[in-house]
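Its first residue numbered 6, the sequence shown is counted upward by one per residue in the numbering used here. Glycine is no exception: its CB is placed at the ideal position from the N, C-alpha and C atoms. Keep in mind the model is a prediction, meaning the values are calculated, not measured. Worksheet: one structure, shown below.
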Amino acid sequence: MDAPRIPEAAIEERFIRASGPGGQNVNKVETAVQLRVALARAGLPEAVLARLVKLAGRRVTTEGELVIEASRHRSQERNRAEARARLTELVARAAAPPPPPRRKTKPTRGSQERRLEGKARRGGVKRLRGEKLRGD
Numbered sequence: 006m007d008a009p010r011i012p013e014a015a016i017e018e019r020f021i022r023a024s025g026p027g028g029q030n031v032n033k034v035e036t037a038v039q040l041r042v043a044l045a046r047a048g049l050p051e052a053v054l055a056r057l058v059k060l061a062g063r064r065v066t067t068e069g070e071l072v073i074e075a076s077r078h079r080s081q082e083r084n085r086a087e088a089r090a091r092l093t094e095l096v097a098r099a100a101a102p103p104p105p106p107r108r109k110t111k112p113t114r115g116s117q118e119r120r121l122e123g124k125a126r127r128g129g130v131k132r133l134r135g136e137k138l139r140g141d
């Protein structure tokens, strides 16, 4: 299943100054991108929206906006592409149906017997070791 597309009207881009190393460039140029997605206007199905909010965690504000920041690269365009790629990946993960719950199973009788046999054998080896030491 393809990930649902979010309309451009629901996405707002803001360019901000990046923190960290970069010399004068970091103080003058706004290369970091802050992508804000209004989830109410995203047009996502209810189930996908719920999974997206859960996956995003603290990146969703109390106003219902998903905030993604990208500042790894020195150019605006590369940061913008990275932020959009991360948004696409997050929506794709939310669109995938969750795996079925794990069904509990019991160990088979044979596997239980083999386990106990192995334990008994190992215990016997250790018991013999102790007898050898005490016998001297």
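- For Val53, the secondary structure class from DSSP, reduced to helix, strand or coil, is helix.
- Pairing Val38 with Arg85 gives a Cβ-Cβ distance under 9 Å.
- Listed in chain order, the beta strand (DSSP E) elements of length 3 or more contained wholly in the region 42-104 are 70-75.
- When rounded, the separation of the alpha-carbon atoms in Glu17 and Arg120 is 60 Å.
- Here Ala14 carries a helix assignment [DSSP, helix/strand/coil].
- When DSSP reads this structure, Val38 sits in a beta bridge with Phe20 and Ala75.
- With a beta-carbon spacing of about 4 Å, Ala8 and Ala97 fall inside the 8 Å limit used to define contacts.
- For Thr113, the number of other beta carbons within 10 angstroms of its own is below 16, and it is reported as exposed.
- For the pair Glu35 and Ala23, the CB atoms are nearer than the 9 Å cut-off.
- CA-to-CA, the gap between Phe20 and Arg10 works out to about 23 Å.
- In the displayed model, Ala125 falls within a helix according to three-state DSSP.
- Taking the Cα positions, Glu94 is about 16 Å away from Val65.
- Leaving aside the five residues that flank Ala88 on each side, the residues in its chain whose CB is nearer than 6 Å to its CB run, in chain order, Val38, Leu40, Ile73 and Ala75.
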